[in-house]
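Student:
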Amino acid sequence: MAKNPPNHGKQWTKQDVTQLKTLAKENAPTRVAGLKLGRTAEAVQAKASEIGLSLKPTNQSPYNRKNP
Numbered sequence: 002m003a004k005n006p007p008n009h010g011k012q013w014t015k016q017d018v019t020q021l022k023t024l025a026k027e028n029a030p031t032r033v034a035g036l037k038l039g040r041t042a043e044a045v046q047a048k049a050s051e052i053g054l055s056l057k058p059t060n061q062s063p064y065n066r067k068n069p
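Following our numbering, the numbering of the sequence shown begins with 2 at its first residue and continues without gaps.
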């Protein structure tokens, strides 16, 4: 069974939300944001949705890859 992250079940603080907004602006993957915030990727997605924050990357072709 997987371990719960450090902030499992805790309320989001203003500092957590600010950090989430910063990570979203930097196009950090949801899983990475979750690790940095001590939360699951699902919790990060849920909070972003709740506050109206888009986690979609601004560039659709990462690392200059071309779509076939």
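The beta-carbon is built from N, C-alpha and C at its ideal position, and this holds for glycine as well.
(1) Out of 37, 18, 14 and 48, which one is the CA nearest neighbour of residue 6?
(2) In this structure, does DSSP put residue 64 in helix, strand or coil?
(3) So what's residue 1 in DSSP terms, helix, strand or just coil?
(4) Return the chain-ordered list of same chain residues with a C-beta closer than 8 Å to the C-beta of residue 46, the five sequence neighbours on each side being excluded.
Tutor: Answer, in terms of the structure:
(1) 37
(2) The predicted position of residue 64 is uncertain, since its pLDDT is 48 and thus under 50; no value can be drawn from it.
(3) A query on residue 1 cannot be resolved here, the shown segment of the chain reaching from 2 to 69 and no further.
(4) 31 and 56
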